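Numbering (our numbering), first residue to last: 9 to 93.
For every residue, glycine included, the Cβ atom is placed at its ideal position computed from N, Cα and C.
Note that the structure is predicted; figures quoted are calculated from it, not measured.
Written below as structure tokens is the structure these notes are about.
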């Protein structure tokens, strides 16, 4: 199994597992199967497709297809809102 520390930002915080404990802005641990990717993590958290606009592993920007290793720190970011209308 692969154990990673996850931090969710913005609107993604509502997908924090209820059994994770702590405040919504605090990191939590997720356990995933070997060979898991950022995308696998998103599915495990029940994030709708396309809701991850950016991700980082150990403070480096990655694609959602990036593999996860035991002990990684993962940050997930939602699409940003705004712009001109």
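Expressed to the nearest angstrom, what Euclidean distance is found between the alpha-carbon atoms of residue 85 and residue 42? Position 77 of the chain shown, counted from the start, is the residue given in the question as residue 85. Position 34 of the chain shown, counted from the start, is the residue given in the question as residue 42. Near 23 Å, if we compare the C-alpha coordinates of residue 42 and residue 85.
Using three-state DSSP, classify residue 59 as helix, strand or coil. The residue you call residue 59 lines up with position 51 of the chain shown. Of the three classes helix, strand and coil, the one that applies to residue 59 here is coil, per DSSP.
Let me make sure I understand the geometry here. Which of 14, 55, 51 has the alpha-carbon closest to that of residue 29? Against the chain shown, residue 29 aligns to sequence position 21. Residue 14 is the option with its Cα nearest to residue 29.
So, residue 12 versus residue 49, is the Cβ gap smaller than 9 Å? Indexing the chain shown from 1 puts residue 12 at position 4. Indexing the chain shown from 1 puts residue 49 at position 41. Cβ atoms of residue 12 and residue 49: closer than 9 Å.
Within a Cβ cutoff of 6 Å, which residues of the same chain sit near residue 122, ignoring the five residues on either side of it in sequence? In the structure as shown, the chain starts at 9 and stops at 93, and residue 122 therefore has no counterpart that could be examined.
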